[in-house]
Ligand code: HEM
Ligand code: HEM
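Residue numbers (the working numbering): 36 to 221.
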């Protein structure tokens, strides 16, 4: 397996970034659910509301950095051919779903960042560095960005479900091991 994608399969960089972003998205959904149910001055699993917000913002911005690398990496090398076991319908579905997943990797962090900055809340990156706020406080922009953030988070569950469903279907019904295309050593 080379570093970049080739006609023989996905490269190491694609595989690493894919699974890193899967883990980060899972943290973001679970973390946001806890964060919005932890009242100010209380803790959940020993962590305060402020800590959850801090980590949500910091990990979300990490996704943005990885997404930029991922899109550059996608343009390098050669995309592997379709898996032989994907039906024409599944190929069409994947063709529609993949741009949505890539879009989400940018829209989610960007809208969260805009909401936080336009709302004047700021970002303390990993609890260490206070990021400068280049955006003037704007309640309207904050409201719009918050709406986009929350609406996209819910709307995204559909393409994510389709993506996951295809992989799981191939794993357990067709048993063709489609997931191995995204695992190391294959
Ligand atoms: C991949 C990146 C991200 C994902 C998947 C994500 C996901 C989510 C989800 C699922 C919610 C809860 C929505 C709800 O149930 O109402 C949420 C809320 C929130 N997110 Fe993110 N987020 C991401 C990045 C960010 C970033 C980078 C920031 C800020 C710098 C941010 C700030 C917030 C804030 C402040 C809320 C609370 C919104 C409210 O007031 O209800 N998020 N996010
Ligand atoms: C547990 C959840 C997930 C599983 C099991 C999974 C599995 C896979 C597999 C097996 C492939 C290769 C398909 C092929 O071409 O044969 C793939 C590709 C892909 N997945 Fe996932 N995935 C998951 C979650 C996600 C998430 C959360 C995202 C993004 C938000 C994502 C984005 C992509 C993209 C964009 C591709 C196309 C290859 C690329 O350009 O990186 N996946 N996934």
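Beta carbons: idealized from backbone N, C-alpha and C, even for Gly.
Three-state class that DSSP yields for residue i in the structure shown
i           : result
residue 104 : helix
residue 83  : strand
residue 164 : strand
residue 97  : helix
residue 36  : coil
Per-residue burial, residue i [other beta carbons within 10 Å of its own, 16 or more giving buried]
i           : result
residue 192 : exposed
residue 172 : exposed
residue 103 : exposed
residue 222 : Since the first residue of the chain shown is 36 and the last is 221, residue 222 is not available in this structure.
residue 46  : buried
Residue i: CB within 6 angstroms of a non-hydrogen atom of ligand 1
i           : result
residue 84  : no
residue 92  : yes
residue 143 : yes
residue 60  : yes
residue 103 : no
Beta-carbon gap between residue i and residue j smaller than 7 angstroms
i           : j           : result
residue 84  : residue 73  : yes
residue 121 : residue 52  : no
residue 14  : residue 170 : For residue 14 there is no data in the structure shown, the boundaries of the chain being 36 and 221.
residue 146 : residue 183 : yes
residue 40  : residue 136 : no
Closer than 6 angstroms: residue i CB and nearest ligand 2 heavy atom
i           : result
residue 136 : yes
residue 53  : yes
residue 118 : yes
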